[in-house]
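Structure, as structure tokens:
In the working numbering, the protein residues as written are -14 to 366.
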């Protein structure tokens, strides 16, 4: 195979692996073949020489990789000799960084390299982050010639592509990790949260939103798109979401819009906050991108903070606080019993205690008190 064809194939292999996260072993095998070598590897090395590891290798098993990380990295005379040249873009052979006789007399050769059939090596530093360097290497056995200029030329041609490819892969991997962490955080929220595209297609729902959608409590997802139960509400919601797709600027952070969504069974409205999401210059590459975050609240209810406040301010038990929250939403007795799965007699007992603790006598007074409206004067018991 022609040298330029080999290089082209190797370069393609770098970018395929960078994008997919897989295929590095395939690239390394081709890399070793181009250099007439064995055991091609990606490895980390500290510029101080205090540590390192073999991350991906073709031909080296996990036993040898662990032994290297835990013991032989500190006896690697090749890395020790290369400390001063462990910088991005540098290429060296084992004979350049360590005298041949020193290598052959070393524990590194006798106990690690010789069993693996290594007698010579070529290495290159691709990236550096602080004292940690990312490197690529390959090896030759006894009786094989020293690496020459034609081998160095191959690595030099690949170096800019290796640097871009590994940087790209690191960026993609970091984005994936950050995305997974954000997803975990969103799922932990008690507030129903959704990410939607310009045409209201749902890209993400947290656990609270999934529960809301499953109950069809004001909002539904039909054919993948977020909809309200009433056509007029759906039209208003769709308009707000579409409006969120306008070009983003810093002032857009304050341009969130609220919308009331009707709920079934006479329950108080849902309040939907449509918040635009920032767009990036490369968003045009995405087939679908999230243009808005949707947050769903119930203003006729009381949130978790207010729930704790009820317990602290009025001395409610947790059960009494739940009843008070249901009353504040305007639910009737049977609805409260059904939602909280309690008997009517239990409800009456809770109400008796609630009225006593708040010094109120009527449900309307209690609702106004809990809503922060008219303060009900204290009465003697």
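We treat Cβ as the ideally placed atom computed from N, Cα and C, and that holds for glycine.
- For residue 346, there is no enclosing beta strand (DSSP E), since its DSSP letter is neither H nor E.
- Distances from the alpha-carbon of residue 201 to those of 69, 250 and 165 put 250 closest.
- Secondary structure of residue 250 (DSSP, three-state): coil.
- The alpha carbon of residue 197 has as its nearest neighbour, out of 256, 94 and 302, the alpha carbon of 256.
- With 16 or more other Cβ atoms from the protein chains shown falling within 10 Å of its own Cβ, residue 218 counts as buried.
- For the options 37, 108 and -1, the alpha carbon positioned closest to that of residue 20 is the one of 108.
- The alpha carbon of residue 102 has as its nearest neighbour, out of 67, 229, 129 and 281, the alpha carbon of 129.
- Checking the DSSP bridge columns, you'll see residue 31 partnered with 117.
- In the DSSP assignment, residue 189 falls within the unbroken beta strand (DSSP E) covering 187 to 190.
- Beta-bridge partners of residue 38 (DSSP): 29.
- In the assembly as shown, residue 56 is an exposed residue. Its beta-carbon has fewer than 16 other beta-carbons within 10 Å.
- For residue 177, there is no enclosing beta strand (DSSP E), as DSSP marks it with neither H nor E.
- Under the three-state reduction of DSSP output, residue 20 falls in the coil class, being neither helix nor strand.
- Looking at the DSSP output, residue 106 sits in a beta bridge with 124.
- As the crow flies, the alpha-carbon of residue 65 is around 31 Å from that of residue -2.
- Going by DSSP, residue 68 is part of no alpha helix (DSSP H) at all; its letter is neither H nor E.
- In the DSSP assignment, residue 145 forms no beta bridge with any residue.
- A check of alpha carbon separations from residue 63 across 321, 97, 142 and 45 identifies 97 as the nearest.
- In the structure shown, residue 256 adopts extended strand secondary structure according to DSSP, grouped into three states.
- In this structure residue 78 does not touch residue 88 by the C-beta definition: roughly 11 Å separates them, more than the 8 Å allowed.
- Boundaries cannot be given for residue 75, as no alpha helix (DSSP H) includes it and DSSP labels it neither H nor E.
- By the C-beta criterion, the stretch 122 to 141 is judged not to be in contact with the stretch 151 to 170, since fewer than 3 inter-stretch pairs fall below 8 Å.
- Here the alpha carbons of residue 99 and residue 126 stand approximately 8 Å from one another.
- If you check the CB distance, residue 335 and residue 304 come in under 8 Å.
- Under the three-state reduction of DSSP, residue 183 is assigned to coil, being neither helix nor strand.
- The continuous alpha helix (DSSP H) containing residue -10 extends over residues -12 to 5.
- In the structure shown, the three-state DSSP call for residue 275 is coil.
- Assigned with DSSP and collapsed to three states, residue 58 falls in helix.
- Looking at the DSSP output, residue 210 sits in a beta bridge with 186 and 207.
- Here the alpha carbons of residue 15 and residue 244 stand approximately 59 Å from one another.
- According to DSSP, residue 281 shares a beta bridge with 257.
- Excluding five sequence positions before and after residue 9, the CB atoms of its chain that fall closer than 6 Å to its own CB belong to 2 and 41, given in chain order.
- The DSSP-derived three-state label of residue 242 is strand.
- In this chain, the alpha helix (DSSP H) harbouring residue 319 covers 318 to 325.
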